[in-house]
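Student: In the numbering used here, the protein residues as written are 22 to 424. C-beta: ideal position from N, C-alpha, C; glycine also. Because the structure is a prediction, the values reported are computed rather than measured. Quick one: the structure is below, questions incoming.
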Ligand code: ADP
Ligand code: ASP
Ligand code: MG
């Protein structure tokens, strides 16, 4: 008998049938004698609908009120899942983020979980109740409701699993595991039996939304074994853990369309330009991803970098208003995508990046940026080429295995 955390994503609780399906998974685990914490997301498209409702009222709603509104989605799910559990004869108590003890910082819409006060959760488990906790939400030190970023219920689940010392955390979703590429977009994507935390973290950070990237970070830091599986089949899923039996050169391909490139041409070839630009952006909490600076030519340098699309206009304005940086031209291109390959075995094998570039070359696709890390190679290309690029790269690395 052990303490387990089971998380159900939006699709897995989207209708009456699906709620009962999720409830029966929880009930089964509880009847087997486990202490069960269930974490749930808002049903189906509820969070998007709530965002639309807010937009009907105001083009720039207060972030505090936005979090108050978005948190209601998960609150519906916890109550309904408990009702379904009760009708199956399984005692269950719904808990909002605050009641479940999820304490965050005060950054509305992108709060970070600081601490989980587990007293209430433990009391409910000690009474043999299933604790059904709302994902995605918490409260700050002043008691304001916060949310932790889109897809954040995965992080709530892992945070609760870590705080409670759970033996495992199962993420039930609408695919039956982590694949070598998004199975909805990439033909021939293959399910992985297991993947390392580091690989999963890179894939999630590079756009594979199957897990929220911070959930993987937390799982790694606390050694929580995570399984991603489908709530609709009994197929074993994918285990995310520190080490895997097989060390693959490339484990997966990810794509991220939420990217914009900002380019400055003709900046002076003197010390301090990069510092001044990126310090200004950092002070406004603009998250810069890839940075490329050209070698100086005629005493000029060019600097390009990528940011998330919703921060691009602000980044552009900050640079335009910056008095201490001169340049010839400043441009922003939102029609770009980042494509990445990730694999733990890449570190020790030469030529992986060039294989990726070859796949793109054969499709006649131009690369705008390249960045590499020990276990990842990313390129930025025009969005119109993204789908073709992902498929070609995936075919290149995985088709041979299929045959
Ligand atoms: P949930 O609502 O259950 O949290 P999400 O929509 O957040 O589900 O995540 C599941 C989706 O992630 C899948 O439907 C799939 O399209 C997408 N996805 C992207 N990359 C991958 C991948 N490498 N493996 C599996 N799914 C992926
Ligand atoms: N409901 C939130 C979202 O749609 C959180 C989540 O589903 O994980 O992003
Ligand atoms: Mg998700």
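(1) With C-beta atoms as the reference, is residue 213 less than 8 Å away from residue 191?
(2) Out of 137, 350, 215, 62, which has the shortest C-alpha to C-alpha gap to residue 273?
(3) Apply the 10 Å Cβ neighbour rule to residue 255 and answer buried if 16 or more other Cβ atoms are within range, or exposed otherwise.
(4) Rounded to whole angstroms, what is the Cα-Cα separation between residue 248 and residue 241?
(5) Residue 424 by DSSP, collapsed to three states: which one?
(6) Beta-carbon separation of residue 60 and residue 181 under 8 Å?
(7) Need the endpoints of the alpha helix (DSSP H) that residue 403 sits in, please.
(8) For residue 398, I'd like the list of residues in its chain whose CB is within less than 6 Å of its CB, leaving aside the five on either flank, ordered along the chain.
(9) Would you check if the distance between the CB atom of residue 285 and the CB atom of residue 351 is smaller than 8 Å?
(10) On the three-pair Cβ rule with 8 Å, is the segment 380-388 touching the segment 320-332?
(11) Just the Cα atoms here: how many angstroms apart are residue 143 and residue 201?
(12) Quick check on this structure: which residue in 119, 93, 152 has the alpha carbon closest to the alpha carbon of residue 425?
(13) Just checking residue 174 against the ligand ASP - is the residue's beta carbon closer than 7 Å to any of the ligand's heavy atoms?
(14) State yes or no: is the C-beta of residue 269 nearer than 7 Å to some heavy atom of the ligand ASP?
(15) From residue 347 to residue 293, what distance separates their C-alpha atoms?
(16) For residue 311, which of 264, 406, 325, 321 has the nearest alpha-carbon?
(17) Tell me the DSSP secondary structure of residue 286 in three-state form.
Tutor: With the structure as the only source:
(1) no
(2) Nearest C-alpha to residue 273 among 137, 350, 215, 62: 215.
(3) exposed
(4) 13 Å
(5) Only weak support is given to the placement of residue 424: the predicted model assigns it a pLDDT of 46, under 50, and the value that follows is read from those uncertain coordinates. In the structure shown, the three-state DSSP call for residue 424 is coil.
(6) Yes, the pair counts as a contact, with Cβ atoms nearer than the cut-off.
(7) Counting along the chain, residue 403 falls outside any alpha helix (DSSP H), though it belongs to the beta strand (DSSP E) covering 397-403.
(8) 362, 374, 377
(9) yes
(10) Result no; under three Cβ-Cβ pairs closer than 8 Å.
(11) 38 Å
(12) Beyond the ends of the chain as shown, which are 22 and 424, falls residue 425; an answer cannot be given.
(13) Residue 174 Cβ: within cutoff of the ligand ASP.
(14) no
(15) 12 Å
(16) 325
(17) strand
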